[in-house]
Structure formats: structure tokens, C-alpha cells
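Numbering (our numbering), first residue to last: 820 to 975.
In what follows, a single structure is set out as C-alpha cells and then discussed.
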């Protein structure tokens, strides 16, 4: 995308994303760009990015591409994801996400991660479901943006 590198605020707070240190650089027009400066605890025994960190960066890039048309609209959850690792991911990583197609309830996306030399390190495709709220067993319904509400009582 070659966009400015000043991070934007994420449209919603995701504690795991904040913990990893992902930076949202762009999120508009069916595209997203994120950056990650790898830290020692994010590396594997070969001293390169752990595969789980790479997959999370790809997942978040695709999810933000899926939401890029309406950041205040519904959230997304990952339905499936396929990842190909092409070379070790090292240094400051750049992820680019792209929304390929969407329906009223589903988004089909892809994303790639590039190293500082511009080489593609990993690529993923994913399917996402648009959701307005998530209910959990024994917890409140969590809307995308706003206060939690109590779940509906079970119907007898």
C-alpha cells in the first residue's frame, strides 16, 4: 500500500493485538496495512518470527480489510484461514490485507507479510463472518462498540 507509517487507532480494542504491539497503518477501500516490530519473545528457536505471530498478523490484516468499508459497522470473526510460509519473517514486518469479495454476512480476504527488503514472507486467505454482537456461555452479550448487555433469558 505504501502509506504513511504513523499508526492509526484500532476501531475496537483487542487486548491480544495490543499485547503483540501491532500497528494499524491504513484501513480503507477494501485494504489494510499493519506493521509489527518483532520483539525477542515473539521469536521461535530459529530466532525468526514464531508462526503463531505471523498467522495472527495475517488474520488481523484480513479482518481489518473485511471491515474497511465501515469501521463502525459489524465486527468479524474468522471462519477459516489457510497460511503459506515462504521465507523466515524477520525485522519490521508489513502486512497488507485485501477484501476480495463480500456478501451481507461473509467476507473473503487475503493478506501477505513482507520483510524490510520487500520480500513476501507469508501469505494467507481467509473467510470471515460479519457479526454485530457475540454472546458467550455465562457472559454478557458484547456489542462491537458500546456497553455490554445481559443475554436474553432462555425460552421455556
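By construction, the Cβ of each residue, glycine as well, lies at the ideal position given by its N, Cα and C atoms.
- By alpha-carbon distance to residue 846, the top candidate from 951, 874, 825 is 825.
- According to the DSSP assignment, residue 886 belongs to no beta strand (DSSP E) but to the alpha helix (DSSP H) extending over 870-886.
- Here DSSP, grouped into helix, strand and coil, assigns residue 838 to helix.
- Distance between residue 937 and residue 878, taken at the CA atoms: about 20 Å.
- The beta-carbon distance between residue 911 and residue 935, rounded to whole angstroms, is 6 Å. This is short enough to meet the 8 Å contact definition.
- If you check the CB distance, residue 898 and residue 946 come in under 8 Å.
- Judged by their CB atoms, residue 916 and residue 891 are not nearer to each other than the 8 Å cut-off.
- Along the segment 877-940, the beta strand (DSSP E) occurs as fully enclosed runs of 3 or more residues at 894-904, 911-921, 925-933, listed in sequence order.
- Counted as a single uninterrupted DSSP element, the beta strand (DSSP E) harbouring residue 855 occupies residues 850-856.
- By DSSP's assignment, residue 942 forms a beta bridge with 903, 931.
- With contacts defined by Cβ atoms closer than 8 Å, residue 918 and residue 849 form a contacting pair.
- Put simply, the backbone Cα of residue 904 is about 7 Å away from that of residue 942.
- With a contact defined as Cβ atoms closer than 8 Å, residue 932 and residue 873 qualify at about 6 Å.
- Counting C-beta atoms within 10 angstroms of its own C-beta, residue 883 has 16 or more neighbours from the protein chains shown and is therefore classed as buried.
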